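Chemist: Heads up: the first sequence is residues 0 to 568, going by numbering that gives the first Met the number 0.
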Amino acid sequence: MDKLKEEIGRLLAPLVSLEPKEIINLLEVPPETSYGDLAFPCFSFAKNRKLAPPVIAKELSEKLVGTKGLYWEKIVSRGPYLNFYIAPRAYGCEVLRQIWESGEKYGHTNLGNGGNVTIDYSSPNIAKPFGIGHIRSTVIGHSLYLLYKALGYNSIGINHLGDWGTQFGKLIVAFKHWGEESKLVADPVNYLYQLYVQFHQRVEEEPALDDQARAWFKKLEEGDDEAVAYWIRFRQLSLDNYALTYDLLGIEFEYIHGESHYNDLLDTVIKLAQDKGIAKESDGALIVDLESHGLPPVMLRKKDGATLYITRDLAAAIYRKETFNFVRSLYVVGAEQLLHFQQLFKVLELLGFKWAADCVHVPFGLIRFKEGRMSTRAGKIILLDEVLQRSIEIAREIIEEKNPDLADKERAAQEVGLGAVRFGDLSNDRIKNIEFDWDKALDFSGETAAYIQYAHARICSILRKAEAEYEKWDDKAASILIMEEEIALVKTLALLPEKIIASAENYRPSILARYLIDVAREFNRFYHNCPVLGSEGELKHGRLLLIRATRQVIANGLGLLGIAAPEEM
RNA sequence: GCGCCUGUAGCUCAGGGGAUAGAGCAGCGGACUUCUAAUCCGCUUGUCGCAGGUUCGAUUCCUGUCAGGCGUACCA
Numbered sequence: 000m001d002k003l004k005e006e007i008g009r010l011l012a013p014l015v016s017l018e019p020k021e022i023i024n025l026l027e028v029p030p031e032t033s034y035g036d037l038a039f040p041c042f043s044f045a046k047n048r049k050l051a052p053p054v055i056a057k058e059l060s061e062k063l064v065g066t067k068g069l070y071w072e073k074i075v076s077r078g079p080y081l082n083f084y085i086a087p088r089a090y091g092c093e094v095l096r097q098i099w100e101s102g103e104k105y106g107h108t109n110l111g112n113g114g115n116v117t118i119d120y121s122s123p124n125i126a127k128p129f130g131i132g133h134i135r136s137t138v139i140g141h142s143l144y145l146l147y148k149a150l151g152y153n154s155i156g157i158n159h160l161g162d163w164g165t166q167f168g169k170l171i172v173a174f175k176h177w178g179e180e181s182k183l184v185a186d187p188v189n190y191l192y193q194l195y196v197q198f199h200q201r202v203e204e205e206p207a208l209d210d211q212a213r214a215w216f217k218k219l220e221e222g223d224d225e226a227v228a229y230w231i232r233f234r235q236l237s238l239d240n241y242a243l244t245y246d247l248l249g250i251e252f253e254y255i256h257g258e259s260h261y262n263d264l265l266d267t268v269i270k271l272a273q274d275k276g277i278a279k280e281s282d283g284a285l286i287v288d289l290e291s292h293g294l295p296p297v298m299l300r301k302k303d304g305a306t307l308y309i310t311r312d313l314a315a316a317i318y319r320k321e322t323f324n325f326v327r328s329l330y331v332v333g334a335e336q337l338l339h340f341q342q343l344f345k346v347l348e349l350l351g352f353k354w355a356a357d358c359v360h361v362p363f364g365l366i367r368f369k370e371g372r373m374s375t376r377a378g379k380i381i382l383l384d385e386v387l388q389r390s391i392e393i394a395r396e397i398i399e400e401k402n403p404d405l406a407d408k409e410r411a412a413q414e415v416g417l418g419a420v421r422f423g424d425l426s427n428d429r430i431k432n433i434e435f436d437w438d439k440a441l442d443f444s445g446e447t448a449a450y451i452q453y454a455h456a457r458i459c460s461i462l463r464k465a466e467a468e469y470e471k472w473d474d475k476a477a478s479i480l481i482m483e484e485e486i487a488l489v490k491t492l493a494l495l496p497e498k499i500i501a502s503a504e505n506y507r508p509s510i511l512a513r514y515l516i517d518v519a520r521e522f523n524r525f526y527h528n529c530p531v532l533g534s535e536g537e538l539k540h541g542r543l544l545l546i547r548a549t550r551q552v553i554a555n556g557l558g559l560l561g562i563a564a565p566e567e568m
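1. Strictly by DSSP, which residues pair up with Asp357?
2. Going along the chain, which residues of its own chain have a beta-carbon closer than 7 Å to the beta-carbon of Tyr190, five neighbours each way excluded?
3. Do Leu170 and Tyr229 have their beta-carbon atoms positioned less than 9 Å apart in this structure?
4. Glu483 lies in the beta strand (DSSP E); which residues open and close that run?
5. Identify which residue in Phe174, Gly164 and Ala316 has its Cα closest to the Cα of Lys301.
6. In terms of residue numbering, what span does the alpha helix (DSSP H) encompassing Arg542 cover?
7. Identify, in the order they occur along the chain, each residue of the same chain with its Cβ nearer than 7 Å to the Cβ of Asp162, setting aside the five sequence neighbours on each side.
8. Please say whether Ile85 and Trp99 have beta carbons closer to each other than 9 Å?
9. What residue from Pro508, Ala284, Ile553 and Asp288 has the CA that sits closest to Glu521's CA?
10. Determine the contact status of Gly106 and Lys498, defining contact as a CB-CB distance below 9 Å.
11. Are there three or more Cβ pairs, one per stretch, closer than 8 Å when the segment 289-308 is compared with the segment 76-94?
12. If you reduce the DSSP assignment to three classes, tell me which class Ala86 lands in.
13. Taking the Cβ atom as the reference point for each residue, do Phe586 and Arg135 lie within a distance shorter than 9 Å?
14. Between the alpha carbons of Glu484 and Ile398, how many angstroms are there, rounded?
15. Short check: CB of Lys279 to CB of Ile269, under 9 Å?
16. What residue ranges within the segment 54-98 form continuous beta strand (DSSP E) runs of no fewer than 3 residues, ordered along the chain?
17. Just verifying my parser: in three-state terms, what is the DSSP assignment at Asn109?
18. If we call anything under 9 Å between Cβ atoms a contact, is Leu557 one with His455?
19. Rounding to the nearest angstrom, what Cα-Cα distance links Lys218 and Val227 in this structure?
20. Determine the DSSP secondary structure at Lys270, reduced to helix, strand or coil.
21. Buried or exposed: Arg9, going by 16 or more other Cβ atoms within 10 Å of its Cβ?
22. Do the CB positions of Ala377 and Val138 come within less than 9 Å of each other?
23. Under three-state DSSP, which class holds Pro296?
24. Below 9 Å between beta carbons: does that hold for Glu220 and Asn153?
25. Identify the continuous alpha helix (DSSP H) that holds Leu350 and give its terminal residues.
26. Helix or strand or just coil, what does DSSP make of Gly371?
27. Three or more beta-carbon pairs under 8 Å between the segment 326-341 and the segment 358-373, yes or no?
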C-alpha cells in the first residue's frame, strides 16, 4: 500500500499544491471496492479554491485522464472524491514480493530506533491466585511488548508485583491467628487467598484486626525479622505458582520488580518532594496538594509513618528513568486507577521531571459478573487457570471430533484453547467493561482466534501438498492474480505494516486483532472460489505465492498478539 | 456532590466530520466424489440513548440531559 500511496502523493502534489506527505495522509479507502481502491477527498482545499469539492475532483480527473501509474491504472472522480484503481498485476506482484522478502519480519519497522520502552504489565498482587481479571493486563501488556519490539523499540517488560502494602499485614495477622502450616504447604496460594478472604470476613466483627494488620505492615517496613520472614515466604510461594501460568502463556519478563524493590528509594522520594517544597503535613500525614491542578491530594506518607502505593510508584518511575532511560514508559493497569496515574504523572512533573510526559497509562475496563463486580476480598472471582484449562479441554474435544487423526492433538488443543481466551480479551476495545460469560469466553466460532488459526492451518495443509518446484519466487507467477477474491486478499495483506503501527501507537492490540479477522475472511473467500492445487502452471504458482504470503501475515500478526499459529488443527 | 469512561441491529461488538452505518452470534434457507465444512453463500433486523449547537455536511466534534460503570487522602 505504501508504494501506491507514495506514487499518488508524487502525482498529485504539483496539481493541488500540497506536500506528497500531506496527500498520503489524506488518502482513504473507499467504502465500496467498486468506487476504487484509494480515494483522495477534495474537501480540505475546496474553500481556498472557492470551488465545490466535486468540481475540483472532476477537474483533477480530467487533467489526469489517460495517465497511468506503476501501481494504479485508472482514475475516476465520483462526487467530491478522486478515486484510484490499482493495477492488479503490478500491485499484487509488489505486495507479494515484499512479504516474500521480509518473511517473518514483514510488518516490522525500525521506527523506534532501539529506544527503550518500559512496559509495566500483569503485576498481580501476590498471595492471591490469578483471577480472570488479571488476564487483561497480562495479555494486553504482552501484546504491546511484542508490538513495540516489532517497531524497533527495545521493549522492557516489568512485572510490578503487588508484593508490599497493608495487605501483607493482613496476611500475617491471619496466618498467626488461625493459619495452619500443613494447609499452607499443601496448596500455598489458594490457602493464602483463603486466609485473606477470612480476614475480611472476621474484620467485620472485630475491627481491631485492621489496626493489627497496619501495625504488622509497619513492622515489615521497619525490617522486623519475623515480619520479613513471613513476607519472604509468602512472596516466594506465590511466585512459584505464577510461574506456571506465565509458562503456559509463554510470557517472560525482563524484570520481576515488585513494589518492594523500591523500598530503599522511598525516603529519597519523600525528601525530594520536601526539597521541592511540594510536600506538606496534613492531619499528621505527608501530602502533596494538587488542588490548583484540579486533582485531589496525594498522600506520600501515612500518619503512622508507613508509605503508600503512590509513594512506591513514584520511586519506581524515577528508578526506571534512571536505570533504562526510557523514551516511553507504559503502565498497563485498569481504568479504575486513572486518577492514580493522573496524580502520579502530575507529581513527577512537579518534581521537575520533564520525562513525566513520556509516561502513559494504558487503561482497560473491568471484567465483571452480570450481578456486579468481582471481588478478591469477598472471594468472588473466577480463576484464570480454570478458564484456561477449560478452554483447552473444549478445544481438545473439538479436535477429537473434527480431526481425530491429528498427530499432536495436545499441542493443538493448547494453542487453540489459549488463543481463544487471549483473543477474546484482545479483540475488543480495551476500555470497555467485559461481562464474564463462560459461553463467550470459550467460544470457538465466528470472530475468534480459531477462525484465524484455522485459515493458517488450511494454508499449511495446502503448502504441504504442493510440489517443491513452486517453492520459489517468480515475478510472472506473482503478477497473474486478477480474480476479485485474489485482489481483495492482496489488498488486505498489504495493510499489515500500518495496522501494527496503529496498534502500537494507540496502545490497542484490538486493531491488529480485528485486522486478522479480515485477513482470514478474505482468505476463506478466496479459498472457496479459487482452487490452488487444482489449478495449473503459473496460476497455481501465483496462488501458492499468495497463500504463502497470507500464511506469513497471519503468523506474524498472531505472533504479535501472543497467539500461536498452528500448522494443523 | 464532583471527575473520568461507556451507550450503534434481538444479543456481543467494529467503525468513525463526509460517498447507501458494518461484522459475529442467534433465526431461516443453501454448498462437502474437489486444497481440513472450526469454512463459504443467501435472507431478515437500526429514532447510531435523548435534546440542542457548530458545520456545506454530525452516528462521529461541542454543550446539556438520561442510563450504566469506575473513581473521589491514611487500600492497591
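Beta carbons: idealized from backbone N, C-alpha and C, even for Gly.
Keep in mind the model is a prediction, meaning the values are calculated, not measured.
Modeler: With the given structure in hand:
1. DSSP, once it has assigned bridges, lists no residue as partnering Asp357.
2. Lys182 and Leu183
3. yes
4. Taken as a continuous stretch (DSSP letters only), Glu483 belongs to no beta strand (DSSP E), being part of the alpha helix (DSSP H) at Glu483 to Leu492.
5. Gly164
6. Gly536 to Leu559
7. Ile125, Arg234, Gly257, Glu258 and Ser259
8. no
9. Ile553
10. yes
11. no
12. coil
13. Past the boundaries of the shown model lies residue 586; the chain is included only from 0 to 568, so the question cannot be answered.
14. 29 Å
15. no
16. 71-77 and 80-85
17. coil
18. yes
19. 8 Å
20. helix
21. exposed
22. no
23. coil
24. no
25. Premise fails: Leu350 is in no alpha helix (DSSP H) and is neither H nor E.
26. strand
27. yes
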